[in-house]
Amino acid sequence: MKAKIYKPAKNTMQSGRGKTQKWLLEYNTPISRSPESLMGWTSADSTMGQVRLRFDSLDDAKAYADKEGLAYIISPDQDRKIKPRNYVDNFKYEPPAGEKKEEPKEEKTKKAPAKKKPSAKDKDADKPAPKKAATKKSPAKKTAAKKTPAKKATKDKE
């Protein structure tokens with residue numbers, strides 16, 4: 011019998027990496043399936059296709075296969091590739107696949123205009139304006155809405 015030893019990949023439906031740390035040994039047996047005569051369900055002659063043995067290390071899985079006299083194939087472990095990224099990269103603009111990426115145009119450097127000597131008017135403009143004397147203003151009168159007493163319902167006594 012042949013066996014396959016491998017480390018399972020991460021489940022794509024979940025973010026965790028559970029059940030990916032151990033090595034699995036599965037039997038590679040051709041399974042003949044046929045419909046059962048009584049109920050018509052699909053059945054198989056052997057249950058070896060359902061057996062999955064878990065091992066903590068690759069060496070343990072190899073030792074078990076050698077002890078049982080199994081020919082085995084080892085699939086290499088798929089290392090996790092992490093691209094280091096900054097948080098800012100989540101918000102960067104990336105053009106769609108068909109568009110060309112625009113490269114920034116080089117700007118021509120312009121010389122700054124020569125500075126003029128400040129005149130007397132400019133000197134006065136830089137100074138803050140003198141403060142004027144503050145005058146007291148009377149507070150605005152608040153007009154309160156006159157409350158009218160609610161009319162009481164009176165019953166005429168007859």
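Its first residue numbered 11, the sequence shown is counted upward by one per residue in my numbering.
Glycine is no exception: its CB is placed at the ideal position from the N, C-alpha and C atoms.
Bridge partners - residue 51, DSSP secondary structure assignment
DSSP lists no partner for residue 51.
When DSSP builds the beta bridges, which residues end up paired with residue 64?
34
Going by beta carbon distance, what residues of the same chain come within less than 7 Å of residue 38, once the five residues before and after it are set aside?
12, 13 and 14
Residue 59 to residue 41 span [Cα, whole Å]
7 Å
When you compare the CB positions of residue 67 and residue 33, do they come within less than 8 Å of one another, or not?
Yes, the Cβ-Cβ distance between residue 67 and residue 33 is below 8 Å.
Assign residue 81 to one of three DSSP states: helix, strand, or coil.
DSSP places residue 81 in strand when its eight states are reduced to three.
Report the residue from 91, 29, 20 and 46 whose alpha carbon sits nearest the alpha carbon of residue 63.
29
Any chain B beta carbon closer than 8 Å to residue 58
Here chain B cannot be found, since the structure has a single protein chain.
Contact defined as beta carbons within less than 8 Å: I believe residue 87 pairs with residue 17. What is the distance between those atoms, to the nearest angstrom?
5 Å
In three-state DSSP terms, what is residue 12?
Three-state result, residue 12: strand.
Express the C-alpha separation of residue 82 and residue 35 in angstroms, rounding to a whole number.
9 Å
Along the beta strand (DSSP E) that carries residue 43, what are the first and last residues, could you check?
43-45
By the three-class DSSP mapping on this structure, what secondary structure does residue 91 have?
In this structure, DSSP gives residue 91 a state outside helix and strand, which the three-state scheme calls coil.
For residue 71, count the other beta carbons within 10 Å of its own beta carbon; 16 or more makes it buried, fewer makes it exposed. Which is it?
buried
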